[in-house]
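Everything below concerns the one structure shown next.
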Amino acid sequence: MSTTPPTTALKKTPLHARHRAHGARMVEFGGWDMPVEYSGIVDEHLAVRTKVGLFDVSHMGQVELAGDDALAAVQWMSCNDASRLAVGQIQYSALTTAEGTFVDDILVYRMAEQHFMLVVNAGNIMKDHAWIVASATERGGDVSIVNASSRYALIAVQGPAAEQALQTLTAIELPSINYYWFATGEVAGVRVTVSRTGYTGEDGFEIFVPPAQAEKVWNALLEAGQPFGIKPCGLGARDTLRLEASMRLCGSDMDEKTSVVEAGLSWIVGWKKEGFQGAETLRAQKAGGLERRLVGFEMRDRAIARHGHLVMAGVDSDTQVGVVTSGTQTPFLKKAIGLAMVPVALSAPGTPLTIDIRGRRVGAEVVPEPFYKRSKPA
Amino acid sequence: MYPTDLNYTRDHEWIRVSGDEATVGITDFAQKQLGDVVFVELPDVGRALTQGEVFGTIESVKAVSELFSPLAGEVTAVNADLVTHPEAVNSQPHDTWMIKIKITSADELGGLLDATQYETLTQ
Chain A
1 MSTTPPTTAL KKTPLHARHR AHGARMVEFG GWDMPVEYSG IVDEHLAVRT
51 KVGLFDVSHM GQVELAGDDA LAAVQWMSCN DASRLAVGQI QYSALTTAEG
101 TFVDDILVYR MAEQHFMLVV NAGNIMKDHA WIVASATERG GDVSIVNASS
151 RYALIAVQGP AAEQALQTLT AIELPSINYY WFATGEVAGV RVTVSRTGYT
201 GEDGFEIFVP PAQAEKVWNA LLEAGQPFGI KPCGLGARDT LRLEASMRLC
251 GSDMDEKTSV VEAGLSWIVG WKKEGFQGAE TLRAQKAGGL ERRLVGFEMR
301 DRAIARHGHL VMAGVDSDTQ VGVVTSGTQT PFLKKAIGLA MVPVALSAPG
351 TPLTIDIRGR RVGAEVVPEP FYKRSKPA
Chain B
379 MYPTDLNYTR DHEWIRVSGD EATVGITDFA QKQLGDVVFV ELPDVGRALT
429 QGEVFGTIES VKAVSELFSP LAGEVTAVNA DLVTHPEAVN SQPHDTWMIK
479 IKITSADELG GLLDATQYET LTQ
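First to last, the sequence lines map onto chains A and B. For the record, in the first sequence the residue sitting at position 169 is 169 according to my numbering, with numbers rising by one throughout. For the record, in the second sequence the residue sitting at position 93 is 471 according to my numbering, with numbers rising by one throughout.
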């Protein structure tokens with residue numbers, strides 16, 4: 001049993017003091033000092049699956065693009081087709097390199113015809129901002145870009161009771177916000193943007209709040225959620241929830257060496273749109289040139305595979321063919337599951353895999369994704 | 379705070395010594411650091427351990443830690459209940475044993491911490 005010493009000189013969200021004061025266990029993530037758990041990962045995970053959970057995700061970044069050529073810039077630097085978004089709508093997408101690999105995975109919010117907000121991963125804010133500026137400059141045209149990350153605290157309220165709990169604090173008609181749409185209004189008397197999005201596989205909302213009002217909104221949500229069994233949650237449960245729902249974690253499941261198609265995310269490529277960074281490579285892979293891809297697997301032997309464990313083909317094989325990119329014991333399904341990058345020939349559900357876990361060879365099997373899908377859509 | 383009838387290590391294991399037998403588990407401090415325990419991997423009975431040798435692993439949802447043998451000796455029993463109920467490590471850490479060892483070197487007992495020393499270590 002060994003423990004890790006605490007890290008210092010980390011960035012703090014507007015809710016940092018609140019987490020510290022309320023007994024959250026803190027951990028470094030992407031350069032931020034974040035709560036990893038409050039009451040425990042399993043307890044929080046189950047609260048989100050069955051009731052409602054509250055997350056501080058203010059570490060996420062926001063980069064905004066506006067100007068007459070904002071749409072053209074977004075279309076060039078990201079792989080999904082942003083022209084299909086109505087104002088008020090959101091899509092999952094990726095900033096892609098010329099090779100069709102990930103700079104980052106992002107959410108694209110269409111704030112106005114020629115105004116977009118890209119929500120990016122915490123550890124990538126500076127890199128993404130520089131990439132977005134460079135891509136837009138290369139493309140040319142009229143577009144202003146601002147790293148707006150410090151203008152927002154971001155609070156996620158997730159779970160089957162999220163809508164009911166949040167509704168008690170706002171006049172916004174939440175049922176009228178469809179999945180991957182957003183609206184503006186007041187929550188607990190604070191002017192916010194509310195989107196029906198999340199990273200848990202459950203219904204829920206993400207609320208963009210002015211940093212100075214973050215604690216007010218957080219406290220109001222905790223109180224309003226009390227009758228619904230709300231629990232404050234940390235990044236630990238966020239990770240098990242997203243993995244159980246088969247959602248990828250950029251930096252763990254994919255990076256600048258992984259293409260969007262290899263990540264199993266062909267559905268976020270706007271195949272019909274005009275050229276964009278990386279389009280040629282992605283088209284070639286889609287046309288049959290794909291060598292490897294991410295798959296979901298379930299352990300067959302009692303063990304938990306983790307990020308970085310090596311994958312061998314078949315049963316009791318010594319030939320390394322791939323690597324585990326995420327793995328955990330999921331609290332709701334109560335199974336050891338994970339994602340692994342493997343050759344396409346080994347990607348069909350039912351294919352046996354062997355995983356090297358600290359020198360021990362254990363059996364796993366490719367399974368269909370997602371591992372978990374909520375029974376009733378929002 | 380920590381039971382005074384147990385001894386402790388700097389690796390956050392507890393040891394109950396009875397004659398030449400040592401019973402080993404992990405401390406309340408350790409289980410809190412780990413979080414929800416979901417998997418405990420223990421050695422085979424009969425395995426000879428040296429002091430400080432890794433005898434198993436313990437996994438929580440978020441992390442994996444190695445278990446270090448506090449004393450040299452032969453493993454005489456392992457707690458099979460942990461296969462089906464690993465969460466007992468969280469709920470009753472000081473009553474949930476992992477392995478029993480037949481002590482080969484009584485001299486090593488002198489290097490263990492008592493409850494007061496261990497509590498100081500964790501503060």
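Ideal placement from N, C-alpha and C gives every residue a C-beta, glycine not left out. All values reported here derive from a predicted model rather than from experimental measurement.
Can you name, in chain order, every residue of its own chain whose Cβ lies under 7 Å from the Cβ of residue 98(A), other than the five neighbours on each side?
As a working note, residue 98(A) is residue 98 in the first sequence. So the qualifying residues of the chain are 277 and 278.
Taking the C-alpha atoms as reference points, what is the distance between residue 87(A) and residue 110(A)?
In the first sequence, residue 87(A) corresponds to position 87, counting from 1. In the first sequence, residue 110(A) corresponds to position 110, counting from 1. In a straight line, the C-alpha of residue 87(A) is about 5 Å away from that of residue 110(A).
Between residue 500(B) and the rest of its own chain, which residues show a CB-CB distance below 7 Å, the 5 nearest in sequence each way excluded?
For the purposes of this step, residue 500(B) is taken as the residue at position 122 of the second sequence. The answer, listed in chain order, is 407.
When you compare only the Cα positions, how much space is there between residue 459(B) and residue 469(B)?
Locating residue 459(B) in the second sequence gives position 81, where the first residue counts as 1. Locating residue 469(B) in the second sequence gives position 91, where the first residue counts as 1. Roughly 14 Å between the two C-alpha positions.
Using 8 Å for Cβ pairs, my map puts residue 101(A) next to residue 258(A). What's the rounded Cβ distance?
Here residue 101(A) refers to the residue found at position 101 when the first sequence is read from its first residue. Here residue 258(A) refers to the residue found at position 258 when the first sequence is read from its first residue. Sure, about 6 Å apart at Cβ, within 8 Å.
Using three-state DSSP, classify residue 234(A) as helix, strand or coil.
By one-based count along the first sequence, residue 234(A) stands at place 234. Three-state DSSP puts residue 234(A) in coil, outside helix and strand.
Could you round the C-beta distance between residue 449(B) and residue 479(B) to whole angstroms and report it? I think they count as a contact, below 8 Å.
For the purposes of this step, residue 449(B) is taken as residue 71 along the second sequence, with counting starting at 1. For the purposes of this step, residue 479(B) is taken as residue 101 along the second sequence, with counting starting at 1. About 6 Å separates the two Cβ atoms, so the contact holds.
Which runs of the alpha helix (DSSP H), 4 residues or longer, sit entirely within the region 70-122 of chain A?
70-77
I'd like the list of long-range same chain contacts for residue 490(B), defined as Cβ closer than 7 Å, with 5 residues on each side in sequence excluded.
Reading the second sequence from its first residue, position 112 is the one you call residue 490(B). Excluding sequence neighbours, residue 490(B) sits near 385, 386, 387, 393 and 448.
Is residue 294(A) near the ligand FAD, with its Cβ less than 7 Å from a heavy atom?
The ligand FAD is absent from the structure shown, which contains no ligands of any kind.
On the DSSP bridge list, what partners appear for residue 478(B)?
Taking the first residue of the second sequence as 1, we reach residue 478(B) at position 100. According to DSSP, residue 478(B) bridges with 401(B) and 455(B).
Our contact map puts residue 73(A) next to residue 143(A) with C-beta atoms below 8 Å; I'd like the distance itself, whole angstroms only.
Here residue 73(A) refers to the residue found at position 73 when the first sequence is read from its first residue. Here residue 143(A) refers to the residue found at position 143 when the first sequence is read from its first residue. Confirmed, about 5 Å.
Return the residue from the list 175(A), 185(A), 36(A) and 63(A) that minimises the CA-CA distance to residue 133(A).
Locating residue 133(A) in the first sequence gives position 133, where the first residue counts as 1. Looking at the Cα atoms, 63(A) is the closest of the given residues.
Hey, how far is the Cα of residue 336(A) from the Cα of residue 427(B)?
In the first sequence, residue 336(A) corresponds to position 336, counting from 1. In the second sequence, residue 427(B) corresponds to position 49, counting from 1. Those two C-alpha atoms are separated by around 30 Å.
State the CB to CB distance for the pair residue 367(A) and residue 296(A), rounded to an integer number of angstroms; the pair is presumed to be in contact (CB under 8 Å).
Counting from 1 along the first sequence, the entry for residue 367(A) is found at position 367. Counting from 1 along the first sequence, the entry for residue 296(A) is found at position 296. Right, the Cβ-Cβ distance comes to about 5 Å (below 8 Å), so this counts as a contact.
Relative to chain A, which residues along the region 398-431 of chain B have a C-beta separation below 7 Å, given in chain order?
404, 408, 411, 413, 414, 416 and 417
Among 400(B), 464(B) and 487(B), which has the Cα closest to the Cα of residue 453(B)?
Looking up residue 453(B) in the second sequence gives position 75. Comparing Cα-Cα distances from residue 453(B) to each of 400(B), 464(B) and 487(B), the minimum goes to 400(B).
Check whether the region 428-438 of chain B touches the region 338-356 of chain A, counting contact only when three or more Cβ pairs, one atom from each stretch, lie closer than 8 Å.
no
Does the Cβ-Cβ distance between residue 14(A) and residue 153(A) come in under 8 Å?
As a working note, residue 14(A) is residue 14 in the first sequence. As a working note, residue 153(A) is residue 153 in the first sequence. Yes, the pair counts as a contact, with Cβ atoms nearer than the cut-off.
Against residue 240(A), what residues of chain B qualify as contacts under a CB-to-CB distance less than 9 Å, listed in chain order?
By one-based count along the first sequence, residue 240(A) stands at place 240. Those are 439 and 440, listed as they occur along chain B.
Under 8 Å between beta-carbons, which chain A residues line up against residue 462(B)? List them in chain order, please.
Locating residue 462(B) in the second sequence gives position 84, counting from the first residue. Going along chain A, no residue has its Cβ under 8 Å from residue 462(B), so there is no contact; the nearest lies around 10 Å.
Counting only runs that start and end within the region 182-270 of chain A, where is the beta strand (DSSP E) found for 3 or more residues in a row?
182-187, 190-195, 204-209 and 231-233
Quick check on this structure: which residue in 268(A), 318(A) and 375(A) has the alpha carbon closest to the alpha carbon of residue 85(A)?
Counting from 1 along the first sequence, the entry for residue 85(A) is found at position 85. The candidate whose alpha carbon is nearest that of residue 85(A) is 268(A).
Within a Cβ cutoff of 8 Å, which residues of the same chain sit near residue 290(A), ignoring the five residues on either side of it in sequence?
The count along the first sequence starts at 1 and reaches residue 290(A) at position 290. So the qualifying residues of the chain are 261, 262 and 344.
Mind listing which residues of the region 310-336 of chain A have their C-beta closer than 7 Å to chain B's C-betas, in chain order?
Residues of the region 310-336 of chain A whose Cβ lies closer than 7 Å to any Cβ of chain B, in chain order: 328, 329 and 331.
Does residue 435(B) have its Cβ less than 8 Å from a Cβ in chain A?
Mapped onto the second sequence, residue 435(B) falls at position 57. Judged by the 8 Å Cβ criterion, residue 435(B) is in contact with chain A.
Entirely within the region 266-343 of chain A and at least 3 residues each: give me those beta strand (DSSP E) ranges in chain order.
DSSP runs (the beta strand (DSSP E)) wholly in the region 266-343 of chain A: 292-299, 310-313, 320-329 and 336-343.
Take residue 375(A) and list the residues in its own chain whose beta-carbon comes closer than 6 Å to its own, dropping the five residues that flank it on each side.
Residue mapping note: residue 375(A) aligns to position 375 of the first sequence, counting from 1. Closer than 6 Å at the Cβ level, and outside the excluded window around residue 375(A), lies no residue.
How should residue 196(A) be labelled, buried or exposed, when 16 other C-beta atoms within 10 angstroms of its C-beta is the threshold for buried?
Numbered from 1 along the first sequence, position 196 holds the residue referred to as residue 196(A). Its Cβ being crowded by 16 or more others within 10 Å, residue 196(A) is buried.
Between the Cα of residue 219(A) and those of 183(A), 165(A), 244(A) and 179(A), spot the shortest distance and give me the residue it belongs to.
Within the first sequence, numbered from 1, the residue matching residue 219(A) stands at position 219. Comparing Cα positions, the closest option is 165(A).
Does any residue of chain A have a CB that is nearer than 8 Å to the CB of residue 394(B)?
The count along the second sequence starts at 1 and reaches residue 394(B) at position 16. So no, residue 394(B) is outside the interface.
Provide the residue(s) that pair with residue 345(A) in DSSP beta bridges, ordered along the chain.
For the purposes of this step, residue 345(A) is taken as the residue at position 345 of the first sequence. Looking at the DSSP assignment, residue 345(A) forms no beta bridge with any residue, so it has no partner.
Is it the case that the Cβ atoms of residue 198(A) and residue 244(A) are separated by a distance below 8 Å?
If you number the first sequence from 1, residue 198(A) lands on position 198. If you number the first sequence from 1, residue 244(A) lands on position 244. For residue 198(A) and residue 244(A), no; Cβs fall outside 8 Å.
Would you kindly check if the distance between the Cβ of residue 324(A) and the Cβ of residue 340(A) is under 8 Å?
The residue you call residue 340(A) lines up with position 340 of the first sequence. The residue you call residue 324(A) lines up with position 324 of the first sequence. Cβ atoms of residue 340(A) and residue 324(A): closer than 8 Å.
By DSSP, does residue 179(A) sit in helix, in strand, or in coil?
For this step, residue 179(A) is matched to residue 179 along the first sequence. In the displayed model, residue 179(A) falls within coil according to three-state DSSP, outside both helix and strand.
Report the partner residues of residue 33(A) according to the DSSP bridge assignment.
Locating residue 33(A) in the first sequence gives position 33, where the first residue counts as 1. 28(A), per the DSSP bridge assignment.
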